[in-house]
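Numbering-wise (this note's numbering), the sequence shown opens with residue 895 and increments by one.
Taking it in order: structure first as structure tokens, then the write-up.
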Amino acid sequence: MRICLLASGSKGNSLLIESGQTRILIDAGLSARELRKRLALVGVDAESLNALLITHEHTDHVRGLGPLVRQLGLPVYLQTDLSRKLPDVGKPECVHEFVAGESFTVDDLTIRPFAITHDSLAPVGFSLSGEHGKVGIATDLGVATRLVVDCLKDCRAVVIETNHDEELLRDGPYPWKLKQRVRSNHGHLSNNAGGSLLQELLWDGLESVFLGHLSETNNRPELALGAVNKVLDKQNVCAPQILVGRQHLPMMWAA
Ligand SMILES: [Zn+2]
Ligand SMILES: [Zn+2]
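What follows is the structure, given as structure tokens:
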């Protein structure tokens, strides 16, 4: 199994999940050209992708969606009704709609989309399970609900959000209204909130934790790591590898 966070942050998000022969891209928040380049950096030909899943319609998650699907004829899975809000993918037969809470399969992976709270139309996180185990992703969420915790349980690897440091956000340059949006229940998880979520996900099968969607303005990698290490230092259930997502460079876990 392998997870490659191709890009993570407010300027663009995309990640690759590989399980056996199945290769799934989640979100396409870079240009199609840049996405192909990042895939090549981790040894993957874009033509070999099986599907693209979309979490929500914000530009930092769908920038390359239209061109990528048109170029590759790639099946794209998205929440019902989202297709009307998204760039033209060119081939209607490529679009598969799902409903949060209802699982579907792509090759040998069972994918469960689950609702998260964020200021977009019906945003979701995903868990993906197959013969090599389960992985999960939830970024762009204002609060980690019970549902999010339940859906991310028993994962070998998780991608969670540590968007901002609360003090840097408070004292930083964002206008007041934007600060309120980020810290609201429909905004983004802080480092401490990400740490609290991780606390709920600890089990002896947890091998890797990606910290994602870090703000370049209101966070620093060492602060996100510090918040998460505070949680990990207090337990001896597991010792996962921690990887901080980067905007300009792929980060990878393979096992
Ligand atoms: Zn968003
Ligand atoms: Zn985002």
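Beta carbons: idealized from backbone N, C-alpha and C, even for Gly.
If you're wondering where the values come from, they're calculated on a predicted model, not measured in any experiment.
Nearest neighbour of residue 1045 by Cα position, chosen from 1076, 964, 994, turns out to be 994. Sequence-distant Cβ neighbours of residue 1038 in its own chain, meaning closer than 6 Å and more than five residues away, are 1091. Set against 8 Å, the gap from the CB of residue 1142 to the closest heavy atom of ligand 2 is not smaller. The continuous stretches of alpha helix (DSSP H) do not include residue 1133, and DSSP gives it neither H nor E. Residues of the same chain with a CB within less than 7 Å of the CB of residue 1101, apart from the 5 flanking positions on each side, are 1050, 1051, 1134, 1135, 1149 in chain order. Three or more Cβ pairs drawn from the segment 908 to 919 and the segment 1020 to 1027 lie within less than 8 Å of each other, which places the two stretches in contact.
The C-alpha of residue 1113 is placed about 27 Å away from the C-alpha of residue 931.
Checking the 8 Å criterion, the Cβ of residue 1084 is out of range of every heavy atom belonging to ligand 1. Sorting 964, 996, 1069 by C-alpha distance to the C-alpha of residue 988 places 964 at the top.
Counting only unbroken stretches of 4 or more residues, the alpha helix (DSSP H) elements lying wholly within the segment 1070 to 1113 are 1070 to 1077, 1085 to 1095, in sequence order. Between ligand 2 and the CB of residue 907, the shortest heavy atom gap is smaller than 8 Å.
For ligand 1, the residues with a Cβ under 5 Å from any of its heavy atoms are, in chain order, 952, 1034. In this structure, the beta-carbon distance from residue 909 to residue 945 does not fall below 9 Å.
For ligand 2, no non-hydrogen atom lies closer than 8 Å to the CB of residue 1058. Cβ-Cβ separation between residue 958 and residue 982: approximately 13 Å, too far for a contact (criterion under 8 Å).
In the DSSP assignment, residue 960 falls within the unbroken alpha helix (DSSP H) covering 959 to 966. At a Cβ-Cβ threshold of 9 Å, residue 968 and residue 1003 do not count as neighbours. Residue side-chain check: residue 1080 keeps its Cβ at 8 Å or more from all non-hydrogen atoms of ligand 2. The beta carbon of residue 941 lies closer than 7 Å to those of 966 in the same chain, with the five residues before and after it left out. Within the segment 970 to 1058, the runs of alpha helix (DSSP H) that reach at least 4 residues and sit entirely inside it are, in chain order, 1040 to 1046. The shortest C-alpha to C-alpha distance from residue 1131 to any of 1093, 996, 917 is the one to 1093.
Taking C-beta separations shorter than 6 Å and ignoring five residues to either side along the sequence, the partners of residue 896 in its chain run 912, 1148, following chain order. Under DSSP, residue 916 shares a beta bridge with 913. Of the heavy atoms belonging to ligand 2, at least one sits nearer than 8 Å to the Cβ of residue 923. A straight line joining the alpha-carbon of residue 923 with that of residue 950 spans about 11 Å.
Residue 900: member of the beta strand (DSSP E) spanning 896 to 901, first to last residue. Proximity to residue 985 across 1007, 1063, 992, 962 peaks at 962, based on C-alpha coordinates.
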